[in-house]
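> The structure that follows is given in the form of structure tokens.
2 protein chains.
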Amino acid sequence: MPPGAFPGEFEQMVLLAILRLGEEANALAILRELDDQAGRRVSRGTLYKTLDRLESKGYVAWTQEEATPERGGHARRLFRVSPDGIEVLRASRDALHRLWSGLDPVLGRPAT
Amino acid sequence: MPPGAFPGEFEQMVLLAILRLGEEANALAILRELDDQAGRRVSRGTLYKTLDRLESKGYVAWTQEEATPERGGHARRLFRVSPDGIEVLRASRDALHRLWSGLDPVLGRPAT
DNA sequence: CATCGATGAAGACAATGTCGACATCGTCAG
DNA sequence: CTGACGATGTCGACATTGTCTTCATCGATG
């Protein structure tokens, strides 16, 4: 297996955050989702770097946002997860799932 | 948050594999468990390096195996997850759990 | 035009993931 | 006793991922 075959821990979280946001996945929203759902706070730079890497692996794609960006500055990018991205997410979820199964007595049940 | 606050993807898997093995957590068994449950095959060197890092973070501890190692060579090391290790596992599981929740329509349900 | 706010991009460096090569120590055939 | 062998474990090197700060852009505003 080549080294980069598995997505890192943070890469997975970013992919999941994008999926959750649907059409609204711009950088700032992803940052907020990551903080809200996983308590993970990172700088914009960190996120963009990760997004770049995910793109070069073909796990995400993006398009410029239409509507006149009144907010000024660069036009925002809207991200979406590619089929390959979904595939890899599914695979790593299943792997973790199997490792977790049966460990509730030790770890307790997941919090809602 | 300090950089090394979150365990990497593979580190998590190793911790889980050790938990699953209970008293039997020697290196080779961990390697087998990782392969069987998660389809993750790595070399012994990779595992030991990861184990060393987990130890220096205080997430795992180990002891020498007693019984005359007829298998020859070094006495095997038996690993176990520390309370801090359990704590960090629980935290990252909860984080992923929240990100995953509600995405079954897209990802499908986890395979057994 | 100087500045500000919202974005995004780049550079640098730390943490993780990964392997292959090598060191050790019993056992066992000669 | 000695050298080959198998089971472990250790190391150094290098690729990938995670992370931040600093810099560059561009519209709107004063």
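Here the protein sequences line up with chains A and B, keeping their order. At position 77 of the first sequence the residue is numbered 77 (the working numbering), and the sequence of numbers has no breaks. Here the working numbering runs 112 ahead of the position in the second sequence, where the first position is 1. Backbone N, C-alpha and C define an ideal beta-carbon position, used for all residues, glycine too.
(1) Taking 8 angstroms as the limit between beta carbons, can you name the residues of its chain near A:R40, skipping five residues before and five after?
(2) From the DSSP output, in three-state form, read off A:F79 for me.
(3) Out of A:L47, A:S82 and A:I18, point me to the one whose CA is closest to A:A61's CA.
(4) Can the beta-carbon of A:Y59 be found closer than 9 angstroms to that of A:D36?
(5) Where does A:A25 fall in DSSP's three states?
(6) If you pair each beta-carbon of the segment 44-52 of chain A with each one of the segment 13-33 of chain A, do three or more pairs fall below 8 angstroms?
(7) Applying the 10 Å Cβ sphere with the 16-neighbour rule, what's the burial state of A:S92?
(8) The alpha helix (DSSP H) that contains B:V218, what's its start and end?
(9) Could you name the residues of the segment 100-112 of chain A whose beta carbon sits closer than 9 angstroms to any beta carbon of chain B, in the order they occur along the chain?
(10) Does any residue of chain A bring its CB to less than 9 angstroms from the CB of B:E121?
(11) Would you mind stating whether A:R20 and B:G220 have Cβ atoms separated by less than 9 angstroms?
(12) Near B:R165, which residues of its chain fall below 8 angstroms by C-beta distance, leaving aside the five closest residues on each side in sequence?
(13) So B:D206 and A:A5 are in contact, right, with Cβ under 8 angstroms, and what is the actual spacing, rounded?
Let me lay it out:
(1) On the first sequence, position 40 is the one that residue 40 of chain A refers to. Cβ-Cβ distances below 8 angstroms link A:R40 to F10, M13 and L34 in the same chain, with the five nearest sequence neighbours on each side left out; the list follows chain order.
(2) Numbered from its first residue, the first sequence carries residue 79 of chain A at position 79. Under the three-state reduction of DSSP output, A:F79 falls in the strand class.
(3) Against the first sequence, residue 61 of chain A aligns to sequence position 61. Nearest C-alpha to A:A61: A:S82.
(4) Along the first sequence, one-based indexing puts residue 59 of chain A at 59. Along the first sequence, one-based indexing puts residue 36 of chain A at 36. Result no, Cβ atoms of A:Y59 and A:D36 do not sit closer than 9 angstroms.
(5) If you number the first sequence from 1, residue 25 of chain A lands on position 25. Three-state DSSP puts A:A25 in coil, outside helix and strand.
(6) The way I'd put it, the segment 44-52 of chain A does touch the segment 13-33 of chain A; three or more beta-carbon pairs between them come closer than 8 angstroms.
(7) On the first sequence, position 92 is the one that residue 92 of chain A refers to. It counts as buried.
(8) Numbered from 1 along the second sequence, position 106 holds the residue referred to as residue 218 of chain B. According to the DSSP assignment, B:V218 belongs to the alpha helix (DSSP H) that extends over D216 to L219.
(9) Legend: CB atoms of the segment 100-112 of chain A lying less than 9 angstroms from CB atoms of chain B belong to residues W100, S101, G102, L103, V106, L107, G108, P110, A111 and T112.
(10) Mapped onto the second sequence, residue 121 of chain B falls at position 9. Yes, B:E121 lies at the interface with chain A (some Cβ there is under 9 angstroms from its Cβ).
(11) The residue labelled residue 20 of chain A in the question sits at position 20 within the first sequence. The residue labelled residue 220 of chain B in the question sits at position 108 within the second sequence. Here A:R20 is not near B:G220, since their CB atoms are 9 angstroms or more apart.
(12) Residue numbering aside, residue 165 of chain B sits at position 53 when the second sequence is read from its first letter. Around B:R165, the same chain offers E123 as residues with beta carbons nearer than 8 angstroms, after the five sequence neighbours per side are excluded.
(13) Position 94 of the second sequence, counting from 1, holds the residue named residue 206 of chain B. Position 5 of the first sequence, counting from 1, holds the residue named residue 5 of chain A. B:D206 to A:A5, Cβ: 26 angstroms. No contact.
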